[in-house]
Every structure is written in C-alpha cells, then in structure tokens.
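Residue numbering for the sequence shown follows the working numbering, starting at -2 and increasing by one per position.
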Amino acid sequence: MAQVTPTVPRKKRSLTPLIVVFLFTLAPVLAAFVLYNNPQWWPDSASNYGSLIEPQRPMPDASELQLTTLDGKPFDLQSLTGKWLLLSAGEAACPESCARKLFITRNSHASQGKNVDRLARVWFITDDAEVPEKVLQAYQGTVMVRAKPEQLARFLLADDVTANLLDPIWIIDPLGNLMLQFPPDADGVKVRKDISKLVYNSRIG
C-alpha cells in the first residue's frame, strides 16, 4: 500500500513589501502637496517675485461674483477650476497700462510649452463700454468677461481699501484659490518666470 505524503499548507505571502513600495511611491506626491499648501515652509531660495496672498482666498461662486460674457451670457469663474488662471482687470477701452498686462499674461501663457493647456487667462472688464476691435484681435484666447467692480474688489483686494483694482496681475491655482499677486507695472520677464516655476513644480492642474 502506497504511503500518502501529507500536504503542507503553503504559507501566505506577506503584503508588507508591496505596502512599503506603495508608500515610498506616494510619499513625494503627498510631500509636494503639503509643501505647496504651506508656503511658510518654502526655503528662501524658492521666493517669488509676486506676493503670496495669505490666507489664500477661495474663488467665489456665481452669486457672489456675477460675470457676463461680451455677448451678455452669464459666466461662472468656477468653470475654469483645474487650471492655473492669470487674471487682470481693466476698463473696456483698455489704455496702455491695461494692454501691457494683457500682453504679459498672453506671453507668459504662450511660453509654457507643453504645459500651455494647464493655464487660462482672464480679463475682467469693469464697465459696459465696447471693447475695441484691435484689443479683441490682439488678445484672442483671453476669457473676457464683464464684472461688477465692487464684487471683484471684495474677492481680489479683500479689505485693502488703498489698492487699485486696475493695477495688479493675480494668479488663481487649480484648486480655485487666489494665491499670488504681482505689483503694478510688473516686470513681464519676472512674472513669466514665477508662472513657469509654479506650473513646473506643481502636480496639480
């Protein structure tokens, strides 16, 4: 009679190595996200030309910031969530100071190479006048919307009553937070470098 060899149960493979590998893979992403949302931890070498807005302000909804397109249709700024937004505000006539900001945001956007689709630029028009055709042609691709100045100021300037709504350029991050403001008469090269640095180092948007 043949002898039956008892079956030895196979030992279950440990999931620990797999978990460790997963955590090592996830760690840089989590670290980058935490660091991005805590600019006070950024090293001095990572300083920006623009001024960080602290605390960051979330994008208002359509009831708090009532925008309309040039043909009068309602526009919700939150529809652009997920992109880096380059913002400026000006009167429809768009004098030289206004055109300069539109030029800086257009060129900063266009210079982002393969990341160009991660950004959008928005021009808030603060009156009901007609936009000159030369401005419409020169800055095609800019989202042009009319805004109520008092609503726009509450969002962009908060409680800073000394600031001029028509001076700065701002940035909203892909999570919908107003997070950076450039000074009046900003240096276009420095603005572009700041934007490139933000987009290149960010894993969001």
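Glycine residues also receive a C-beta, built at the ideal position from the N, C-alpha and C atoms.
Report the residue from the options whose alpha carbon sits nearest the alpha carbon of residue i.
| i | options | result |
| --- | --- | --- |
| Asn198 | Val158, Asn174, Arg115, Gly138 | Arg115 |
| Leu77 | Pro57, Ala107, Leu99 | Pro57 |
| Tyr257 | Arg97, Pro180, Ala126 | Coverage of the chain is limited to positions -2 through 202, which leaves residue 257 absent and any answer about it impossible. |
| Glu88 | Val18, Asp157, Gly47, Val132 | Val132 |
| Gln148 | Ser60, Phe21, Ile50 | Ser60 |
| Pro171 | Ala90, Ile192, Asn104, Ala144 | Ile192 |
| Phe121 | Met176, Ala107, Leu99 | Leu99 |
| Ala126 | Cys91, Asp157, Ser108, Gln109 | Cys91 |
| Gly110 | Phe152, Val17, Lys194, Ser44 | Lys194 |
From what residue to what residue does the alpha helix (DSSP H) around residue i run?
| i | result |
| --- | --- |
| Ile192 | 185 to 198 |
| Arg97 | 93 to 107 |
| Glu127 | Glu127 -> no alpha helix (DSSP H), and no H or E assigned at all. |
Which partner residues does residue i have in the DSSP bridge list?
| i | result |
| --- | --- |
| Thr65 | Pro71, Arg143 |
| Val119 | Leu84, Val140 |
| Pro180 | In the DSSP output, where bridge partners are listed per residue, Pro180 has none listed. |
| Ile168 | Leu83, Leu177 |
By a C-beta neighbour count over all protein chains shown, 10 Å radius and 16 as the cutoff for buried, is residue i buried or exposed?
| i | result |
| --- | --- |
| Ala155 | exposed |
| Val142 | buried |
| Thr139 | buried |
| Gln134 | exposed |
| Arg200 | exposed |
| Thr102 | buried |
| Phe72 | buried |
| Asp41 | Below a pLDDT of 50, predicted positions are generally treated as unreliable, and Asp41, at 45, falls in that range; the measurement from the model is reported next regardless. Asp41 should be labelled exposed. |
| Val188 | buried |
Tell me the residue span of the beta strand (DSSP E) that contains residue i.
| i | result |
| --- | --- |
| Ser48 | 48 to 55 |
Examine the Cβ distances between the segment 80 to 87 and the segment 108 to 127 and report whether three or more of them are shorter than 8 Å.
They touch, by the three-pair rule.
Given 8 Å as the limit, is there contact between the segment 60 to 74 and the segment 180 to 198, that is, 3 or more CB pairs closer than that?
The segment 60 to 74 makes no contact with the segment 180 to 198: fewer than 3 CB pairs, one atom from each, lie closer than 8 Å.
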